[in-house]
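Remarks on the structure that follows.
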Amino acid sequence: TLREDLYDAVTRGARQLLGADSCQIWRIDTEADELNLAGADPPESSSRPGRAAQLLDLMRGGRTGAVEDELLVAPLAAGDEQLGILSCMARGRAFDEEDAELLRAVAHQTAVGLKKAELIERLTAENIVKDMFEALAAGSVEAAEAKAGEARCDLTRPHVFLHAVRAAPAGEDGPGWPDLAARFESRLRRLYPRAFFDSRHDCVRAIAPLPTAGATALERLRQGCEELARAEGVVVGLSDVDRGAASARRRMREAADAARIGRSLVEEGGAVSYEGLGAYKYLVHLELDDAPHDRYRLSVEELLEYDRRRGARLLETLERFLADRGSVAASARALYIHPNTVRQRLERIERVTGLDLGKEDLLSLELALKLARLHDVRGDQE
Numbered sequence: 050t051l052r053e054d055l056y057d058a059v060t061r062g063a064r065q066l067l068g069a070d071s072c073q074i075w076r077i078d079t080e081a082d083e084l085n086l087a088g089a090d091p092p093e094s095s096s097r098p099g100r101a102a103q104l105l106d107l108m109r110g111g112r113t114g115a116v117e118d119e120l121l122v123a124p125l126a127a128g129d130e131q132l133g134i135l136s137c138m139a140r141g142r143a144f145d146e147e148d149a150e151l152l153r154a155v156a157h158q159t160a161v162g163l164k165k166a167e168l169i170e171r172l173t174a175e176n177i178v179k180d181m182f183e184a185l186a187a188g189s190v191e192a193a194e195a196k197a198g199e200a201r202c203d204l205t206r207p208h209v210f211l212h213a214v215r216a217a218p219a220g221e222d223g224p225g226w227p228d229l230a231a232r233f234e235s236r237l238r239r240l241y242p243r244a245f246f247d248s249r250h251d252c253v254r255a256i257a258p259l260p261t262a263g264a265t266a267l268e269r270l271r272q273g274c275e276e277l278a279r280a281e282g283v284v285v286g287l288s289d290v291d292r293g294a295a296s297a298r299r300r301m302r303e304a305a306d307a308a309r310i311g312r313s314l315v316e317e318g319g320a321v322s323y324e325g326l327g328a329y330k331y332l333v334h335l336e337l338d339d340a341p342h343d344r345y346r347l348s349v350e351e352l353l354e355y356d357r358r359r360g361a362r363l364l365e366t367l368e369r370f371l372a373d374r375g376s377v378a379a380s381a382r383a384l385y386i387h388p389n390t391v392r393q394r395l396e397r398i399e400r401v402t403g404l405d406l407g408k409e410d411l412l413s414l415e416l417a418l419k420l421a422r423l424h425d426v427r428g429d430q431e
């Protein structure tokens, strides 16, 4: 069930079966578009310069059998997937069709065996990674470090936790979460091949190594996730940068909170870092029933209902205005509208709610707004 054992058994057995001087297994590296020597008998046997390129040309051309007096090749193919080439070499003798048939049979069985071995390896690795994430989430530092060692995940290096969820409920024609998660993970894995993933029934968790612990590396990772998340309709939450397993439980919570809050901030999908959440991170675990039911909350609920009914953007304008500390010009730039439009919307907000924005406690209003935004999105998606 191990690839290395298969390489040894096949090259040794095929060489003896065909009376060859040497036998080699070559595996295709699809990313580099080249063949790499995976196994050989005798182990010290070497190929002449240019042999790998020659075999790759033969594989592309579909040629099998004896291509030279001393060289016999057969493709390692499982269905339509090309895995590589099995080759035998013998000095001073010519291979015949019976030899070619034997090597093709061995190559076919080898390809089947390799696919099974790789499946076992992948499932074993996935289980180890899953156990690592469970231990990290539970705060079991020693168990997490042991599993990380098995998975070859170096937790002592700077890394970030990712938490990905669907941005919006699936439509009738939209993909189910398992399909969406698999596609998103596959694309993200190509961007960050050194990351470790744990796909669950409602989310995808990941650990992404960083070259440094600085904010620049974190922002570069967020930007890398942004385009992909938007394209797939996924929200990705990113934790602060971490080292070691001791604080992993808190960092995983940060990534999950960022994704949860992100569903109200980037409704079409995107990437949100925990550090950039501002006041939202203080409210995410506060239940609506536990919050004050004052006039600020009632005003925000009126604006939510008004926006739904009229297709307006009053709540977005108010949130931007509050974030910019009451600056009409800054809000206009951020919203890509004219300052007069901002003023008109603020006047309408005051008419709808009865508030006087020049005299109100704007911090309390902003907290009420953010809490309502969070629970409004949660209610829509539950």
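Be aware that the sequence shown starts at 50, since it is given in the numbering used here, and climbs by one per residue.
For each residue, glycine too, the CB sits at the ideal point set by N, CA and C.
- The beta-carbon distance between M181 and A160, rounded to whole angstroms, is 31 Å. This is too long to meet the 8 Å contact definition.
- A straight line joining the alpha-carbon of V209 with that of E191 spans about 20 Å.
- The three-state secondary structure of L211, taken from DSSP, is strand.
- R302 sits away from P207, with the two beta carbons spaced by 7 Å or more.
- Under the DSSP assignment, C72 falls outside any alpha helix (DSSP H), being part of the beta strand (DSSP E) whose first and last residues are 71–78.
- With a 10 Å radius around the Cβ and a threshold of 16 neighbouring Cβ atoms, G282 comes out buried.
- E368 has its alpha-carbon roughly 27 Å from the corresponding atom of R269.
- No residue range can be given for V333, since it is assigned to no alpha helix (DSSP H) and is classified by DSSP as neither H nor E.
- The Cβ neighbour count for E194, taken over all protein chains shown within 10 Å, is at least 16; the residue is labelled buried.
- Between S136 and Q73, the C-beta gap is smaller than 7 Å, which places the two residues in contact.
- Three or more beta-carbon pairs separated by less than 8 Å link the segment 359–368 to the segment 412–422, which places the two stretches in contact.
- In this structure, W75 and G162 do not form a Cβ contact; the two beta carbons are roughly 16 Å apart against a cut-off of 8 Å.
- CA-to-CA, the gap between T205 and R236 works out to about 26 Å.
- Judged by beta-carbon spacing, L412 lies beyond the 7 Å limit of V349, meaning their Cβ atoms are not closer than that value.
- Taking the Cα of E324 as reference, the smallest distance to any Cα among R271, A257, A381 is reached at R271.
- When the Cα atoms are used, G286 and T261 turn out to be separated by approximately 19 Å.
- If you look at P388, you'll find it in the alpha helix (DSSP H) that goes 388–402.
- Burial is judged here by how many other beta carbons sit within 10 angstroms of a residue's own beta carbon; T79 has fewer than 16 and is exposed.
- Nearest neighbour of N85 by Cα position, chosen from Q103, H342, V391, turns out to be Q103.
- When the beta-carbon positions are compared, A257 and L185 stay at least 7 Å from each other.
- Under DSSP, E83 forms a beta bridge with D78.
- Inclusion of A266 and L277 in the CB contact set at 7 Å is not warranted, their separation being larger than that value.
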